[in-house]
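Engineer:
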Amino acid sequence: MEQDIATTLLTQEQIQSRVRELGAQITRDYRDKDPIIVGILRGCFIFMADLVRELPFPCTLEFLAVSSYGQGTTSGEVCLTRDFPMPIEGRHILILEDILDSGRTLDYVVRLLRQRNPASVEICAFLDKPERRKVDIQARYIGYQVPDAFVVGYGLDYADKYRNLPYIGILKPEIYNT
Ligand code: PRP
Numbered sequence: 005m006e007q008d009i010a011t012t013l014l015t016q017e018q019i020q021s022r023v024r025e026l027g028a029q030i031t032r033d034y035r036d037k038d039p040i041i042v043g044i045l046r047g048c049f050i051f052m053a054d055l056v057r058e059l060p061f062p063c064t065l066e067f068l069a070v071s072s073y074g075q076g077t078t079s080g081e082v083c084l085t086r087d088f089p090m091p092i093e094g095r096h097i098l099i100l101e102d103i104l105d106s107g108r109t110l111d112y113v114v115r116l117l118r119q120r121n122p123a124s125v126e127i128c129a130f131l132d133k134p135e136r137r138k139v140d141i142q143a144r145y146i147g148y149q150v151p152d153a154f155v156v157g158y159g160l161d162y163a164d165k166y167r168n169l170p171y172i173g174i175l176k177p178e179i180y181n182t
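Numbering (this note's numbering), first residue to last: 5 to 182.
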């Protein structure tokens, strides 16, 4: 894997330090709210595992999976491929994502969950690529803003690989241009 990475964007130490800060911030805001934390599969899994271990208060963990079609095109349609049965009416929801890119995935998920009448819905995305935004959506918590480069690792994939890279790197162009 290493040989396919052009540069390291965020080291393991930078990631760990920022996850701790996010954990402290979320703890201040949610410690008395008994939130449901909803991870969006699959990209969220490493970030979620790290972040929830920084939360020293009771919370429920759930997962959604969505799939998008026509990425990079104007359609970018999103559909739900895995739901969870737990009722969320009156509950505080915090959605966890590895990356906020065009914003279509999170826009879809927020609309879906709001229909179920939760008390609140907020977003925590570890990475944010604001230059790529196609829909107007705000995350309350962001780990790092990153440039519009092909980033992989720490849960983020290219062609289903590199998710297990323990840091975030920029992929060499020859990998995705071939
Ligand atoms: C990635 C990422 C986000 C989404 C962000 O998921 O995990 O869910 O894209 O992009 P957007 O803001 O443009 O919607 P992907 O569809 O690659 O699936 P994955 O989580 O299984 O990697």
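Cβ coordinates follow ideal geometry from the N, Cα and C atoms, glycine included.
Nearest CA to the CA of His96: which residue from Gly159, Asp36, Lys176, Gln18?
Structural biologist: Taking the sequence shown and counting its residues from 1, the one referred to as residue 96 is at position 92. Ranking Gly159, Asp36, Lys176, Gln18 by Cα distance to His96 puts Asp36 first.
Engineer: Using 10 angstroms around the beta-carbon of Thr85, count the other beta-carbons present and answer buried if the total reaches 16, otherwise exposed.
Structural biologist: In the sequence shown, the residue the question calls residue 85 occupies position 81. Exposed, by the Cβ-count rule.
Engineer: Is it the case that the Cβ atoms of Val125 and Val114 are separated by a distance below 8 Å?
Structural biologist: Locating residue 125 in the sequence shown gives position 121, counting from the first residue. Locating residue 114 in the sequence shown gives position 110, counting from the first residue. Taking 8 Å as the Cβ cut-off, Val125 and Val114 qualify as a contacting pair.
Engineer: Could you say which of Arg137, Gln16, Met90 lies nearest to Leu3 if we only look at CA atoms?
Structural biologist: With the chain running from 5 to 182 in the structure shown, residue 3 is simply not present.
Engineer: If you run the structure through DSSP and keep just helix, strand and coil, what is Glu135?
Structural biologist: Numbered from its first residue, the sequence shown carries residue 135 at position 131. Glu135: helix per DSSP, three-state reduction.
Engineer: With the cut-off set at 8 Å, would you say Leu98 and Phe67 are in Cβ contact?
Structural biologist: Here residue 98 corresponds to residue number 94 of the sequence shown, with the count starting at 1. Here residue 67 corresponds to residue number 63 of the sequence shown, with the count starting at 1. Cβ distance not < 8 Å, so Leu98 and Phe67 don't count as in contact.
Engineer: Give the C-beta separation of Leu131 and Val155 to the nearest angstrom, bearing in mind that I take them to be a contact with Cβ-Cβ under 8 Å.
Structural biologist: The count along the sequence shown starts at 1 and reaches residue 131 at position 127. The count along the sequence shown starts at 1 and reaches residue 155 at position 151. Their Cβ separation, rounded to whole angstroms, is 7 Å, which keeps Leu131 and Val155 in contact under 8 Å.
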